[in-house]
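First residue of the sequence shown? That's 8 in the numbering used here, and the numbers climb one at a time after it.
A short worksheet on the structure shown next.
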Amino acid sequence: MNLNGYKPVIGLEIHVQLATKSKMFSSAPNNPDEKQPNTNIDEVVTAEPGTLPVLNKEAVRLGVMVGLALNCEIPEYSKFDRKHYFYPDLPKGYQISQYDEPIALNGWVEILVPTNGERDAYTKRIRITRAHLEEDAGKNMHPEGLPYSLVDYNRAGSPLLEIVTEPDIETAEEARIFLQELQRIVRYVGASSADMEKGTMRCEPNISVRKPGEESLPKYKVEVKNINSFKFAEAAINYEIPRHIEMLEAGGMPKQVTMGWNEKTNKTVEQRSKEEANDYRYFPEPDLAPMRFTKEFLDELRGDLPELPSQKRVRFKQEFALDESVIETLLNWKDLNEYFEDVVSEIDAWIITDSSVILSDSEESQSSDPSASPQDDGKEISQDDGKRARLIKAAANWCIQEFSALLNADLANPSDSKVSAENMAELVKLIDAGKISGSAAKQVFKKMYETGGEPDHIVEELGLSQVSDEGAIETAVDEIIAANPKAVEDYKAGQQKSFGFLVGQVMAAMKGKANPQVVNEILKEKLS
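Right, here's the structure in full:
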C-alpha cells in the first residue's frame with residue numbers, strides 16, 4: 008500500500024466475554040453456545056421492575072487477572088457507572104459499565120511482527136489505556152422481507168471486559184498480530200474462549216490518518232463494527248486507510264462516524280455519527296457499592312497467573328531452538344503446546360536412558376582395562392544435542408501439522424486424544440532412526456489416532472518397516488540401472504529429472520519400503 012507520506016493511526020477496542028457460569032449481575036446462565044433465543048434470561052436481565060443487580064465476583068477476578076497479564080496497574084478502588092442510551096437490545100435503557108474508575112489502567116502488550124521480504128522482523132509495544140467491566144447487550148435480528156425486527160436477550164447481561172489500546176498501531180498487520188496475542192493471553196489466563204467467530208471476542212478498530220509532516224493526532228476517527236475475525240479486522244483497516252487518504256488529498260476531512268463491515272462486499276458502510284462520552288450521561292451506579300482491591304488479593308492473583316505467551320515464546324526459542332513460525336503456531340493452542348512439552352519430556356527421558364546404557368558399557372570395559380581413565384565422580388553424560396534438536400523439531404512439526412489437523416477435524420483437544428505423549432515421541436524416534444519412511448509414518452499415526460496403539464506394534468502389524476540394508480538396496484539399484492539405460496544416459500547428459508525417475512523406480516521395486524536416503528546415496532555412487 009503506497010501511503011505517500013500519510014501515517015495511519017489505529018487504536019482498538021476489544022470486548023471479551025468472560026467465562027463465568029452466570030451473568031454479570033444476575034444468576035441467569037452465561038452460555039454463549041445457547042441456540043434457543045431468550046433462554047439465558049431472568050427478571051434481572053429483562054429489567055423487570057423492582058429487580059436489583061448482584062455483582063458476579065468471579066467476573067471481577069477474571070477481569071483483574073487479565074489486567075495483570077496485560078501489565079496494567081490495578082487501582083485500589085473501582086466503581087460501576089450507568090451508561091445511558093436507548094436501543095431495543097438494552098432492556099433497562101442503560102448499560103452498567105465503568106467510566107472514570109476502571110479495574111485496570113496503563114498496561115502494554117509486546118507484539119512480534121515477522122519479516123515479510125521487504126523489511127526485517129521487529130517487536131513493538133502497544134500500550135493499553137484501560138480495561139473495564141460491563142454487561143453485554145442483546146442481539147437485534149432483522150428477518151429479510153419482514154416489516155419487524157426480533158431481539159434475542161441470551162447475550163444480554165453477559166460479563167464483558169472491554170480493553171482499549173492507545174493509538175500506537177500503524178498497520179493492519181500490527182492490529183491483527185496484536186489481536187492474536189491478546190486472544191492467547193486471555194485464553195492462557197482462562198478468562199474466556201475469546202472466539203471471534205462465536206462472538207466471545209469482538210473488535211472495533213478506530214482509524215484515522217495523519218497528513219505528511221503532522222505529529223499531533225488527527226481531529227477525527229472512524230470506528231468500524233461488525234468484525235468477527237482477524238481476517239476481517241485486517242481487511243477493514245486496509246479498506247479504510249486508502250479511503251481516508253483519498254479524502255485528505257482532495258482537501259476534505261473524513262467524517263467522525265461509526266462504520267459497519269460488510270463481509271459480502273468487503274467494504275465498510277456508514278451506520279451513524281460517532282458518539283462522545285457526554286452523550287451517554289454517565290453517572291455512578293447507585294445499586295452497586297464501589298470495589299476495593301487489597302494488596303493481599305492482588306498478590307494472590309499474581310501468584311495464580313500462568314506462564315504467559317510472551318514468556319513461553321522466549322523459553323521455547325532458548326530451550327528448543329524452534330523456528331519462529333513453529334513457535335507462533337504452537338503458542339496459538341495452549342493445550343497443544345503443553346502436549347508438545349510432554350512429548351519433549353519423553354524424548355529427554357529416552358536420551359538419558361540411552362546415555363545410561365552407553366555409560367554402563369563404558370564402565371564395564373574400563374573395569375577390564377586398568378589403563379583406562381575412570382569417569383570423574385558426578386560428571387554428567389553429555390547428551391547428543393544434535394539428535395535431541397532433530398527429535399524436538401520433528402515432534403513440533405507433527406504436533407502442528409498431522410496431529411492438529413486430526414484434532415481440528417474432530418473438534419477435539421489433545422487431552423481427548425488416544426495418542427499419548429510417549430507414543431508420539433516413539434513415532435518420532437522410529438522416523439529418525441530410519442525404521443519407517445515419512446509416508447509410512449503418516450499411516451502409522453492415523454492408526455495411532457484411531458486406536459491409541461503403540462507405533463512399533465502398528466508398524467509390525469501393517470508391514471511398514473523401512474529397509475535400510477545396503478545390500479538389498481544395492482541389488483535393486485543394479486536391476487533398475489540395467490532396465491533403464493535411456494534414463495541413465497539422460498542423467499549423465501545432465502538431465503537431473505532422470506535421477507528422480509530412477510529413485511522412484513527403485514522405491515517402487517521395493518514397494519516403498521527402501522530408505523530414500525540410502526537409495527539416493529547408492530544410486531549417485533553407481534552413476535558417478
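Note that beta-carbon positions come from the ideal geometry of N, C-alpha and C, so glycine has one too.
This one's a predicted model, so the numbers in the text were calculated from it and none came from an experiment.
| Asked | Found |
| --- | --- |
| Pick from Glu353, Gly258, Tyr106 that is closest to Asn430, judged by C-alpha positions | Glu353 |
| Val23 - DSSP class collapsed to helix/strand/coil | strand |
| Through-space distance from Leu153 to Met8, alpha-carbon basis | 42 Å |
| Alpha-carbon to alpha-carbon, Ser104 and Ala402 | 46 Å |
| Classification of Asn344 by the beta-carbon crowding that lies within 10 angstroms, buried from 16 upward | buried |
| CA-to-CA distance, Ala179 to Glu6, given in whole angstroms | With the chain covering only 8 through 535, there is no way to say anything about residue 6. |
| Secondary structure of Met455, DSSP reduced to three states | helix |
| Spatial neighbours of Ser85 in its chain, beta-carbon cut-off 6 Å, leaving aside the 5 residues before and after | Glu108, Ile110, Met298 |
| Limits of the unbroken beta strand (DSSP E) element including Met208 | 208 to 217 |
| The stretch 72 to 80 touching the stretch 37 to 47, judged by at least three CB pairs closer than 8 Å | no |
| Given Ala489 as reference, the closest of Pro36, Val426, Gln408, Lys533 once Cα atoms are compared | Lys533 |
| Boundaries of the beta strand (DSSP E) in which Ala76 is found, first to last residue | Unbroken run through Ala76 is the alpha helix (DSSP H), 64 to 76; no beta strand (DSSP E). |
| Contact under 8 Å by Cβ, Gly70 with Leu25 | yes |
| Neighbour-count burial assignment, Glu335, 16 or more Cβ in a 10 Å radius | buried |
| 8 Å Cβ cutoff met for Asp175 and Ile133 | yes |
| Any 3 or more C-beta pairs closer than 8 Å across the stretch 513 to 530 and the stretch 441 to 459 | yes |
| Burial state of Met517 (16 or more Cβ within 10 Å) | buried |
| Met431 (DSSP reduced to helix, strand or coil) | helix |
| Phe290 (DSSP reduced to helix, strand or coil) | strand |
| Pair within 8 Å by beta-carbon distance, Asp159 and Pro36 | no |
| Beta carbon of Leu437 nearer than 8 Å to that of Met455 | no |
| Of the listed residues Ser34, Val23, Val73, nearest to Leu305 (C-alpha basis) | Val73 |
| Start and end residues, beta strand (DSSP E) containing Glu277 | 274 to 280 |
| Neighbourhood of Tyr227 by C-beta, 8 Å cutoff - its chain only, sequence neighbours within 5 removed | Ser215, Met260, Pro261, Lys262, Gln263 |
| Separation of Ala396 from Gln390, as counted between CA atoms | Because Gln390 sits at a pLDDT of 47, beneath the cut-off of 50, its placement in the model cannot be relied upon, and the following sentence gives the value as read from the coordinates. C-alpha separation (whole angstroms): 11 Å. |
| Stretch-stretch touch, CB-based, cutoff 8 Å, three pairs: the stretch 277 to 296 with the stretch 86 to 97 | yes |
| Close Cβ partners of Trp115 (< 8 Å) along its chain, the five nearest in sequence each way excluded | Leu77, Asn78, Arg132, Ile133, Arg134, Ile135 |
| As assigned by DSSP and simplified to three states, the class of Gln102 | strand |
| Spatial neighbours of Thr46 in its chain, beta-carbon cut-off 7 Å, leaving aside the 5 residues before and after | Asn161 |
| Under 8 Å between C-beta atoms of Leu329 and Phe323 | yes |
| Buried versus exposed, by CB contacts within 10 Å (16 or more), Gly145 | buried |
| Coil, strand or helix - Ile170 by DSSP | strand |
| Cβ-Cβ distance between Ala5 and Lys99 below 8 Å | The structure shown does not extend to residue 5, since the chain is modelled only from 8 through 535, so no value can be given for it. |
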